[in-house]
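Reading through the structure tokens given below for one structure.
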Amino acid sequence: MIAYLLRRIVYTLPIMVGVALVCFALVHLAPGDPLVSVLPPDASAELQQQLRTLYGFDRSLPEQFVTWVWRALQGDLGTSIASSRPVAAEVLTAVANTLRLAVVATLIGFFFGCLFGFVAGYFRNSWVDRGASLLSVLGVSVPHYWLGMVLVIVFAAQLNWLPATGAGPGGSGDWAWDWEHFKHMLLPAITMSVIPMGIVARTVRALVAEILAQEFVIGLRAKGLTHLGVFRHVVKNAAPTALAVMGLQLGYLLGGSILIETVFAWPGTGFLLNSAIFQRDLPLLQGTILVLAMFFVVLNVVVDIVQTLLDPRIARS
Amino acid sequence: MSAVLAPAAPMQRSRGYWAGTALRFVRDPVAVFAGLVVLGLFGMAIFGPWIAPSDPLNGSMLGRLKPIGSEGYPLGSDELGRDMLSRLIVGARLSLFMGITPVVLAFVIGSAIGILAGYAGGVTNTVIMRTIDVFYAFPSVLLAIALSGALGAGIGNALLSLTIVFIPPIARVAESVTTQVRGRDYVEAARASGAGAFTIVRVHVLGNVLGPIFVYATSLIAVSMILASGLSFLGLGVKPPEPEWGLMLNTLRTAIYVQPWVAALPGVMIFITSIAFNLLSDSLRSAMDVK
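Taken in order, these protein sequences are the chains called W and Z.
Whatever position you read off the first sequence (first residue = 1), add 42 for this note's numbering.
Whatever position you read off the second sequence (first residue = 1), add 302 for this note's numbering.
This is the structure we're talking about:
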């Protein structure tokens, strides 16, 4: 077991290096001079050279990569070209905002996904099952940015119950766990939760159906266990996979929140990425993507480890 | 099931695999429905400019943001006074093109990479699959947006980024089915009888792996449609004034307080397309009996 876990962690290191390489390559993939957004059009050759040296663009690519990774390991992701602020600080604030949203969304999605999935899997081919399956197809098919717009239209523009954009009253970026802030979170969180809901529902339905078809369930029933008793066994057997799916969905939401954050002007990583892209702020783009991708890689390992701890059969196979 | 109900019936000559698949597909009402919707969408994409009642590119500033059901504007008009119905119909071409092309390209490239890795095995497999793992480590939306963000807006760049996003998952599926098939007896037999690697792949492997890979690829079309429109929605894909659903959604966002339901229409088209492709893919999976 410990050998398995160690192997899993060691195996991640080359992937992390690869991820860093891809993020680094992004900047050099970009057409045009990375300094184009800060340089005045009539900049002298001398000034250009100065800035190039300042941002390290004058050195060889491998050298730049090693320096960049070395600094990143120490928590220095460089300086944003557009705002001249440290990238790491900007990314951290944004990650905190996105994480808050993504965690709430994942929990909502997980709860309803499990509910629909269990009901559908338990009463297979009944009308409840069909309804739940339809709902999960709709959940995975809906363009979430459009769903966000529709929710804004209904609850903000028409009914005027909830605020349309922002993370807090008066556009303040500071978070607090009170009703006013929660109201701002409600629409984006619900929009975001639809994706994990559909996927969790699909997975749980298949799992439950598979578990119910196994012999030990017949054994439990023959033993005279009540429905509730059998249900407990089913939940126990479905839990590791369902939790793993939930963990991965959190990662997808964190990385994929850009569209929803744009709709709701939520001050998270998606919003940051968006401004980095349109201001051609390459260090910021690079840093944000690196942090999000690394988070996803680490999350994958954590999910694997937790799953193995919950279900030791995985390590043995 | 029918064999159980009618045990006395004489044994029928077994149908071919494709005939059986087609029959199962046609008997599935959901499949037929989804298939018809997709056909309709393709019809719009091909014949759009001839069906559309008005000019999708030029509108009148006097007819800006008309509500649904106005005279001359059955589905209202957009922020530049262009007829929404015409734009939605004509928009099918570019929207479907942007959504389907990356999956087709990724299907070809990803299958080739995956089959190569699966059939070659050993070091080749390790090198290819570890590289694929790196791209797999990015959430797909993030990778698509990061790539098109770095490359810059435009149809070509959006297609390129989405293709890169879909190659890793397809290659993974291709690799895993090929690895399974490679160990089968008939492949061993072909090798023992002196067939070259190319012949074995062409005759014995391809026919057995393309089905599952194809079914998997079709399940990505819905995701691709949503992502491709999403890129245009962010301003990273199609550029104005081309009619494309994601871009229309973007430009109409400012109008949600004036004509909310007109502004939401392009999203309905994306939603319908994505549902149809998801249902079609699910039905195809069960008809082709792929796990």
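Glycine is no exception: its CB is placed at the ideal position from the N, C-alpha and C atoms.
Is the shortest distance between the beta-carbon of residue i and the beta-carbons of chain W less than 8 Å?
i, result
"Val517/Z", "no"
"Ser531/Z", "yes"
"Ala557/Z", "no"
"Val467/Z", "no"
"Ala452/Z", "yes"
"Leu338/Z", "no"
"Pro545/Z", "no"
"Val594/Z", "Past the edges of chain Z, shown from 303 to 593, lies residue 594/Z, and the structure says nothing about it."
"Ala473/Z", "no"
"Pro331/Z", "no"
"Ala589/Z", "no"
"Gly318/Z", "no"
"Gly569/Z", "yes"
Flag this pair as yes or no: are the beta carbons of residue i and residue j separated by less than 8 Å?
i, j, result
"Ile260/W", "Gln291/W", "no"
"Leu464/Z", "Pro404/Z", "yes"
"Ala144/W", "Ser299/W", "yes"
"Leu301/W", "Pro238/W", "no"
"Ile123/W", "Pro325/W", "yes"
"Leu332/W", "Ala62/W", "yes"
"Gly532/Z", "Pro185/W", "yes"
"Gly569/Z", "Asn552/Z", "no"
"Asp353/W", "Arg50/W", "no"
"Thr520/Z", "Leu582/Z", "yes"
Start and end of the alpha helix (DSSP H) containing residue i?
i, result
"Trp110/W", "Leu103 to Leu115"
"Trp169/W", "Trp169 to Ser183"
"His506/Z", "Per DSSP, His506/Z belongs to no alpha helix (DSSP H) and is neither H nor E."
"Ile195/W", "Careful: Ile195/W lies outside any alpha helix (DSSP H) and carries neither H nor E."
"Ser388/Z", "Met386 to Ala422"
"Tyr46/W", "Ile44 to Leu71"
"Lys278/W", "His269 to Gly298"
"Met227/W", "Trp221 to Leu254"
"Met590/Z", "Counting along the chain, Met590/Z falls outside any alpha helix (DSSP H), and DSSP gives it neither H nor E."
"Trp352/Z", "Pro331 to Ile353"
"Trp547/Z", "Trp547 to Leu554"
"Asp487/Z", "Asp487 to Ala494"
"Thr480/Z", "Ile457 to Arg484"
"Ile123/W", "First-last for Ile123/W: undefined, no H or E at that position."
"Ala557/Z", "Here Ala557/Z belongs to no alpha helix (DSSP H), and DSSP marks it neither H nor E."
"Leu341/W", "Leu324 to Leu352"
"Phe165/W", "No alpha helix (DSSP H) holds Phe165/W; DSSP gives it neither H nor E."
"Phe320/W", "Thr311 to Phe320"
"Val364/W", "It is not possible to answer for residue 364/W, since the shown part of chain W is limited to 43 through 359."
"Leu445/Z", "Ser442 to Leu453"
Of all Cβ atoms in chain Z, is any one closer than 8 Å to the Cβ of residue i?
i, result
"Arg300/W", "The displayed chain sequence assigns Ile, not Arg, to residue 300/W. Closer than 8 Å: yes."
"Leu294/W", "For the record, residue 294/W in the displayed sequence is Tyr; it is not Leu. With 8 Å as the cut-off, Tyr294/W counts as an interface residue toward chain Z."
"Trp112/W", "no"
"Val64/W", "yes"
"Val133/W", "no"
"Met191/W", "yes"
"Phe306/W", "no"
"Val339/W", "yes"
"Gln200/W", "yes"
"Ala335/W", "yes"
"Leu55/W", "no"
"Leu119/W", "no"
Rounded C-beta distance between residue i and residue j? I'm assuming under 8 Å.
i, j, result
"Ser388/Z", "Ala336/Z", "Not confirmed; about 26 Å, so no contact."
"Phe158/W", "Ser183/W", "Rounded, the Cβ-Cβ distance is 15 Å, inconsistent with contact."
"Gly539/Z", "Ala414/Z", "Incorrect: roughly 26 Å between the Cβ atoms, too far for contact."
"Lys368/Z", "Ala455/Z", "29 Å between Cβ atoms; not a contact."
Looking at the ligand MN, does it come within less than 7 Å of residue i, judged from the CB to the closest heavy atom?
i, result
"Gly569/Z", "Looking for the ligand MN in the displayed structure turns up nothing, as the structure carries no ligands at all."
The region 388-405 of chain Z: positions lying closer than 7 Å to chain W by Cβ: none
For the region 408-435 of chain Z, enumerate the residues whose C-beta is nearer than 9 Å to any C-beta of chain W, in chain order. Cβ contacts with chain W come from Arg432, Thr433 and Asp435.
Taking any Cβ of chain W, which residues in the region 571-582 of chain Z have a Cβ under 7 Å from it, in chain order? Ile572, Phe573, Ser576, Ile577, Asn580 and Leu581
Taking beta-carbon pairs under 7 Å, can you tell me which members of the region 348-370 of chain Z lie near chain W? none
Given a limit of 8 Å on CB to CB distance, which residues of the region 488-502 of chain Z reach chain W? none
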